[in-house]
Structure formats: structure tokens, C-alpha cells
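Chemist:
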Amino acid sequence: MKNLHIVGNWKMSLNKEDSIALANNIKSISKKEYLNIEVAPTSLYIDSIVKILKESDVNVISQNFDYKTLGSYTGGVCLDQLKEMGVTKTILGHSERRSKFNESDEQVNNKLETVLNSDLDVIFCFDSYEQIPFELIKNNLQDNDNLKLTLAYEPTWAIGTGETASIDHIEEIHTKVKNTLIDHSLENIPILYGGSVNPSNSKDILSSGNVDGVLVGGASTKIDQLLGIVNSI
């Protein structure tokens with residue numbers, strides 16, 4: 006069976022008490038040989054969640070980062086600070102960062118170049134084929150043997166709406182991206198799907214040929230739904 010990835014993006018949905026309770030519930034999830042599970046709490050609670058999940062099979066990642074290094078950047082969180090807390094991967098370019106925080110493609114691509122040349126790995130989110138900077142990736146990624154880069158297709162209209170893209174649509178986009186990656190000799194970059202993923206649709210999504218995992222929002226903040234997705238595989 007191919008390797009699969011389940012990434013839970015908690016967004017800003019949980020307070021500290023609920024985040025800690027959820028982490029304590031998921032730390033007992035047994036990792037399947039072919040399954041990688043990651044969760045992204047709000048940056049304020051990363052340190053606490055890392056400590057809870059340190060001995061578990063669930064990894065803690067970041068939802069976002071600022072591309073500047075340590076310095077006078079009020080409110081920022083840089084890669085070095087995330088690394089100090091035990092984070093080894095970050096999400097980048099989520100549709101909510103682009104639409105609600107006005108992060109442009111140029112800004113996101115600058116951050117992608119920064120993280121590809123850092124010690125951290127990255128999940129790059131896109132909502133259309135045209136949004137992927139293939140040349141930038143090729144020029145800054147020597148190989149992807151250690152999963153330095155993961156791509157995540159998340160159609161904007163499916164984020165937090167309860168609407169999920171059809172399997173045919175997901176397969177069409179993922180296949181187009183995969184073929185271009187092959188053309189650039191980067192065929193081992195995983196491609197995830199994100200957009201109203203839940204236990205009812207996760208099995209069909211994860212069974213698609215060019216889908217290597219799911220980026221889960223609301224369902225990842227509820228232990229029963231997260232377990233439902235894990236057990237659907």
C-alpha cells in the first residue's frame with residue numbers, strides 16, 4: 006500500500022484547554038506502517054502540544070510562518086523560533102491566509118523559497134494548477150527523498166463549506182500536477198487534498214490514484230471524526 010498522510014489543521018478553532026484535551030486524546034493513536042499523522046495547532050500552543058505528543062506517533066507542525074529571520078517584526082513567528090519548539094514542518098499558502106490575510110502569490114512564493122532553503126519541511130497549498138511555482142520548486146529543491154515538500158490541493162469553494170470536490174475533479178487536478186512533477190523529475194512529491202474532508206468521504210478520496218493524503222480542517226478538531234478518518238484507511 007502507498008504511504009498516506011493525514012494532516013489536521015486546527016486553525017484558530019480551539020482554546021488552550023480544548024487543544025490540550027484533544028492532544029491527550031490523539032496521543033494514543035497507533036501509527037500504521039504506511040500512515041503519517043500530523044496536527045497543526047495555533048502557534049500559541051505549539052510548545053504545549055509538542056510536549057504532549059513527544060512520545061506519540063503524531064507529529065506537530067505549524068500553520069504558517071513569517072519569512073523574515075529573528076528581528077524587529079512585531080507579531081511575527083519565524084522558522085528558527087518554530088524549530089526551537091520542536092517543529093519540523095509548516096503549512097504555507099493556505100487559502101485562508103491568502104484571502105483573509107491578503108497574502109499574495111508573490112509573498113507566498115517568497116516564503117516557499119525561504120523554507121525550501123531552511124531546515125524545515127513544508128506543505129504548500131494551492132487552489133489551482135496555475136498557482137504552483139514549478140520552476141521555483143525545481144530550482145530550490147534538489148530532491149524530495151525526505152519529503153521536504155508536500156503539495157496540497159484545496160479548492161477555495163470547498164474550505165469550511167461542507168462541499169467536497171468530486172472524486173473525478175480531484176483526480177483530474179492531481180493527475181495534471183503529478184504529470185508536471187514527473188516532467189520536472191520531482192515525481193515523489195506527495196499531493197494531498199483538502200476541502201471539507203470527513204469520515205464519510207475520506208475513504209473514497211484516499212483511494213484515488215494520485216491522492217497521497219488529506220489536509221483536514223474542522224473534522225481534525227473532533228477526536229471521533231479524526232479517528233473516523235484514520236480508521237477509514
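So in our numbering, spot 82 of the sequence shown is number 87, and the numbers just go up one at a time. Positions of the beta carbon are idealized from the N, C-alpha and C atoms, including for glycine.
1) Judging by CA-CA distance, which residue of I137, Y50, S61 and T161 is the nearest neighbour of E111?
2) In the DSSP output, what is N64 paired with across the bridge?
3) Just how far apart, CA to CA, sit M90 and K105?
4) Could you give the residue range of the alpha helix (DSSP H) that holds D139?
5) Could you check which residue in N215, N203 and N122 has the C-alpha nearest to that of I228?
6) I need the straight-line Cα distance from S48 to A170, nearest angstrom please.
7) Secondary structure at G206, three-state DSSP: helix, strand or coil?
8) CA-CA distance, S55 and L156?
9) Could you please give the first and the last residue of the uninterrupted alpha helix (DSSP H) stretch that includes L152?
10) Judging by CA-CA distance, which residue of N14, L231, W162 and V12 is the nearest neighbour of N30?
11) Thinking H179 and I196 are a contact (beta carbons under 8 Å), I'd like their distance in whole angstroms, please.
12) Counting beta carbon pairs with one atom in the stretch 19-38 and one in the stretch 210-223, are three or more of them shorter than 8 Å?
13) Take K153 and list the residues in its own chain whose beta-carbon comes closer than 8 Å to its own, dropping the five residues that flank it on each side.
14) Note down the Cα distance separating L188 from S133, rounded to an integer number of angstroms.
15) So which of K73, I51 and T74 has the shortest CA-CA distance to I66?
16) T95: buried (16+ other C-beta within 10 angstroms of its C-beta) or exposed?
17) Contact defined as beta carbons within less than 8 Å: I believe I210 pairs with I172. What is the distance between those atoms, to the nearest angstrom?
Modeler: Quick look at the numbers:
1) Of I137, Y50, S61 and T161, the residue nearest in Cα terms is I137.
2) In DSSP, N64 forms a bridge with E43.
3) C-alpha separation (whole angstroms): 27 Å.
4) Sequence check: residue 139 is Phe here, not Asp. Counting along the chain, the alpha helix (DSSP H) containing F139 begins and ends at F139 to N145.
5) I228 has its Cα closest to that of N203, out of N215, N203 and N122.
6) Rounded to whole angstroms, S48 to A170 spans 29 Å at the Cα level.
7) Note on identity: in this sequence residue 206 is Asn, with Gly being the wrong assignment. Under the three-state reduction of DSSP, N206 is assigned to coil, being neither helix nor strand.
8) The residue asked about is misnamed: residue 55 is Val in this sequence, not Ser. Spanning the two alpha carbons is a distance of roughly 24 Å.
9) Run containing L152: none; DSSP gives neither H nor E here.
10) Sorting N14, L231, W162 and V12 by C-alpha distance to the C-alpha of N30 places L231 at the top.
11) About 5 Å separates the Cβ atoms of H179 and I196, confirming a contact at the 8 Å cut-off.
12) Verdict: no, contact absent.
13) So the list reads L121, D126, V127 and L146, once near-sequence residues are dropped.
14) Rather than Leu, the amino acid found at residue 188 in this sequence is Asp. A straight line joining the alpha-carbon of D188 with that of S133 spans about 18 Å.
15) Of K73, I51 and T74, the residue nearest in Cα terms is I51.
16) By the neighbour-count definition (other C-beta atoms within 10 Å, threshold 16), T95 is a buried residue.
17) Between I172 and I210 the Cβ distance is about 7 Å, and since that is below 8 Å, they are a contact.
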